[in-house]
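Numbering (mature numbering (1 follows the signal peptide of the UniProt record, and there is no 0)), first residue to last: -19 to -1, 1 to 198.
For each residue, glycine too, the CB sits at the ideal point set by N, CA and C.
Notes for the one structure printed next.
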């Protein structure tokens, strides 16, 4: 049962995490968009590697570099703006549902003079409640360990419920938008039909008046 519970929790960890890396120039801002429900904890871990011109490889450490991390809400309000080191962790809790923009930018211009200078930024975004800390679990006795894992599982279930509610809200909004679009298309088709009928009647009347004026009928 213990192994099944651990595997279940690991599946949640994989489901709610996003790991990636991207290249960036000095002072170049890179942004990603994370769509999260309201009242949700988002944790980001990053590490910066600097390209070594002489060795032609990325260095594991980037001393002297710092990263500005800025988080903007769907209403364009700055939720987080802070300077971190070359490796760090940032977190924020959303109070609005929607797309949050997470931007990272280096604060260093020391290596701009070197051609081809660039950075590699490893970023790991985790969305949801606090994740299980195995070191804390191992420090507890067996009874407390089970209780701790169950509490953590309940937190994850609450997060899933929150995600489902958010998806239902998005689905309802999309359905309303689709219905409004279909309604507009219908009215536009009706207007086009009326215009075509009016033009046709006008052309027939003009042609009839022309024939009468020429005494062809």
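- Pairing residue 142 with residue 168, the inter-Cα distance amounts to about 39 Å.
- Selection 70, 30, 83, 64 evaluated against residue 57 yields 83 as nearest (Cα-Cα).
- Here the alpha carbon of residue 47 sits roughly 18 Å from the alpha carbon of residue 24.
- Residue environment: residue 109 is assigned as buried (16 or more neighbouring CB atoms within 10 Å of its CB, all protein chains considered).
- Within a 10 Å sphere around the beta-carbon of residue 184 sit fewer than 16 other beta-carbons, which makes this residue exposed.
- Distance from the CA of residue 75 to the CA of residue 164, rounded to the nearest whole angstrom, comes to 35 Å.
- Taken atom to atom, the span from the alpha-carbon of residue 16 to that of residue 6 is near 26 Å.
- Pairing residue 86 with residue 39 gives a Cβ-Cβ distance that is not under 8 Å.
- Taking a contact as a CB-CB distance under 8 Å, the pair residue 99 and residue 68 does not count as one, their CB atoms being some 17 Å apart.
- If you ignore the 5 residues before and after residue 19, its C-beta comes within less than 7 Å of the C-beta of 75, 76, 77, 78, all in its own chain and listed in chain order.
- Separation of residue 63 and residue 171 (C-alpha to C-alpha, rounded to the nearest whole angstrom) is 55 Å.
- Residue 54 sits close to residue 81, with the two beta carbons spaced by under 8 Å.
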